[in-house]
DNA sequence: TGCTTACGTAAGTATCTGCTAACGTTTATT
DNA sequence: AATAAACGTTAGCAGATACTTACGTAAGCA
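Protein chains in written order, with this note's numbering: chain A, 1 to 107; chain B, 108 to 214.
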């Protein structure tokens, strides 16, 4: 959870995620997409993303291929739901309560 | 977006959010819930949360009442959906493609 | 008008973090 | 075996940030 937020708070890492969202890419190619920072910087970001479970790594010869991993988003989603959906849940419960009240009225 | 992540990456601020998720509370009461930090520290956190649109402030005499505001979560949710739901969309598209292929086979 | 309550704000500090430069490592290639 | 390619890792540094202490402020009350 904390690891997920720490990984995603950095804009560069969100950019990297967006880049490999649909395609598997080698580290060098990812680094080339960010000319304003060095290759090691990108490598460090990839490490953070990997340890957060947001991307997965695969070796192919001297290359390391990275791709998006939705697993790391699970706890972020549950966190969001605990705030967002709980309110919907309250509305739903209120609606059901109203439902029962209406039925009671009809009996 | 960035403001939202920066507000939520701090565990203390998530704790504050969880505390006032369902109830409106004055700043002093919120601060008392966190005995390991000073009152100004909490005040600073409340400021960050407010500027991120995650909580709203209301004055009542000398008191300032804070409560959860779901508005700030909107862009976080859309960010999450852009990664999570897009993959579901891909699956859906693939399914529809398969659907069309099956129909073509039957003609 | 003073005093108290309930806060926020500012300055300063210790810690964290993203970056670069330099180096290390593993896998082909010759 | 030697070299190159494609990386990751480390040390060190500049900037960001969460904290504390001290101070400022606005609303109620005597």
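The C-beta atom is built at its ideal place from N, Cα and C for all residues, glycine as well.
Assuming residue i and residue j make a contact with CB atoms under 8 Å, what is their CB distance in whole Å?
i                      : j                      : result
residue 108 of chain A : residue 33 of chain A  : The question about residue 108 of chain A has no answer here: the residues shown for chain A are numbered 1 through 107.
residue 179 of chain B : residue 161 of chain B : 4 Å
residue 17 of chain A  : residue 187 of chain B : The pair is not a contact, with the Cβ atoms about 11 Å apart (cut-off 8 Å).
residue 281 of chain B : residue 84 of chain A  : Since the first residue of chain B shown is 108 and the last is 214, residue 281 of chain B is not available in this structure.
Please tell me whether residue i has its Cβ less than 7 Å away from any Cβ of chain B.
i                     : result
residue 48 of chain A : no
Given residue i, which residues of its chain have a CB within under 7 Å of its CB, disregarding the five upstream and five downstream residues?
i                      : result
residue 115 of chain B : 121
residue 60 of chain A  : none
residue 62 of chain A  : none
residue 108 of chain B : 182, 186
If we define contact as Cβ-Cβ less than 7 Å, is residue i a contact residue for chain A?
i                      : result
residue 149 of chain B : no
Leaving out five residues before and five after residue i in sequence, what residues of the same chain have Cβ atoms less than 8 Å from its Cβ?
i                      : result
residue 303 of chain B : Lying outside 108 to 214, the shown extent of chain B, residue 303 of chain B is not represented and no answer is given.
residue 127 of chain B : 137, 162, 173, 174, 175
residue 50 of chain A  : 56, 57, 66
residue 132 of chain B : 126, 172, 173, 174
residue 117 of chain B : 152, 155
residue 43 of chain A  : 27, 31
residue 129 of chain B : 175
residue 113 of chain B : 155, 159
Residues in its own chain within less than 6 Å of residue i by CB, not counting five upstream and five downstream?
i                     : result
residue 39 of chain A : 31
- request: Kindly provide the ranges of any alpha helix (DSSP H) runs that are 4 or more residues long and lie completely inside the stretch 140 to 193 of chain B, ordered along the chain.
  value: 146 to 158
query: Can you list, in chain order, the residues of the stretch 8 to 33 of chain A whose Cβ is nearer than 9 Å to any Cβ on chain B?
result: Those residues of the stretch 8 to 33 of chain A placed with their C-beta closer than 9 Å to a C-beta in chain B are 8, 9, 10, 11, 14, 17, 18, 21, 22, ordered along the chain.
task: With 8 Å as the C-beta to C-beta threshold (strictly closer), list the residues of the stretch 44 to 73 of chain A near chain B in chain order.
output: 68, 70, 73
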